[in-house]
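In this note's numbering, the protein residues as written are 185 to 509.
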């Protein structure tokens, strides 16, 4: 039996605006269309992105390009071992004139927060992001402050350099909707990069192509994307499969199921559809689930990465038959 549903009126606007943002970002980051698309997907899914790769492949450039393409408050934080939680969330300072404490907001009070080398800060400082990433609020001295929408944390980290770093704990990684690896560019893209970046950084010339209000409208449109019961069940089956895999000692959490479906809504909307299909979940399974998983000792001995395990599970879990019209 076919499912009928109305197409959200904002869908055409979503595709057009997302295309402008994507073109703006790709004018700075060459040859990384998949990474740019995933970044937009996470933004529209009201999530957070972890960019993890070796030095010099454009992790921070991608984060900055997205931030500059949207006309909204953006703050960048360079994570270092001496960074304190109050340096991120803000602090209550005593005002001698009024003889009262005044709250000085930290850099998290922005729409897009770029956290550079997040694994260089201590676990205590890393944990300062837990509340704001999950609940979009900050509590300082017993007072809770709401964060504006949209709110997105884009964090980068280097997985190779271990000296002076603090690996993100499982609870912190689980807050990130997806993880993306930039990878080395193709030779032709690297050649173009030499031409474009040879004189001056194109980031300096990048102008906003969307407003905060437009992004909020796009997020509302994504919330209205239809997800059928068989597709929801398929998302649960994928996540449950990670919990029973002998290659994993820690499977995906219920939060990951929710994030997978939210990201699938955004993925479908960017494709011009107002309904989610199993292909959306399959395309997002690795970036949304893999960074939340811990391999078993046997899998580590065989050098089987969580990404490989998720890819195998996607092949094995039965795909539901769905129709939408």
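Ideal Cβ positions, reconstructed from N, Cα and C, are used throughout, including at glycine.
Open item on the list: Among the candidates 223, 470, 332, whose CA atom is the shortest distance from the CA of residue 291?
Closed with: Distances from the alpha-carbon of residue 291 to those of 223, 470, 332 put 332 closest.
- [ ] Give the secondary structure of residue 299 by DSSP, where H, G and I count as helix, E and B as strand, and everything else as coil.
- [x] strand
TODO: Using DSSP bridges, identify the partner residues of residue 274.
DONE: 289
- [ ] Could you tell me the distance, in whole angstroms, from the CA atom of residue 367 to the CA atom of residue 357?
- [x] The straight-line gap from Cα to Cα measures roughly 20 Å.
TODO: Tell me whether residue 562 sits in a helix, a strand or coil according to DSSP, three-state version.
DONE: Here the chain comprises residues numbered 185 to 509, so residue 562 is not present and cannot be evaluated.
Task: residue 483 versus 449, 434, 499, residue with shortest Cα-Cα distance - done: Answer by Cα proximity: 434.
Task: Between the CA atoms of residue 226 and residue 296 - distance to the nearest angstrom - done: Going by the C-alpha atoms only, they are around 12 Å apart.
TODO: Give the straight-line distance between the Cα atoms of residue 489 and residue 251, rounded to the nearest whole angstrom.
DONE: 31 Å
TODO: Only counting runs of 4 or more residues, tell me where the alpha helix (DSSP H) segments fall wholly within the segment 383–428, in order along the chain.
DONE: 396–407, 413–427
Task: Top-ranked residue by Cα proximity to residue 423, from 469, 211, 411, 464 - done: 469
- [ ] Enumerate in chain order the residues of its own chain whose CB-to-CB distance from residue 244 is below 6 Å, with the five nearest sequence positions on each side excluded.
- [x] Closer than 6 Å at Cβ, skipping near neighbours: 300, 340.
Open item on the list: At 3 residues or longer, what runs of the beta strand (DSSP E) sit wholly inside the segment 430–468?
Closed with: Taken in chain order, the whole beta strand (DSSP E) runs of length 3 or more contained in the segment 430–468 are 432–434.
Open item on the list: Restricting to Cα atoms, I'd like to know which of 313, 495, 212 is closest to residue 263.
Closed with: Nearest to residue 263 by C-alpha distance, out of 313, 495, 212, is 313.
Open item on the list: So, with DSSP's three-state summary, where would you put residue 218?
Closed with: helix
Task: Candidates 336, 259, 242, 266, of which the one nearest residue 210 by Cα - done: 242
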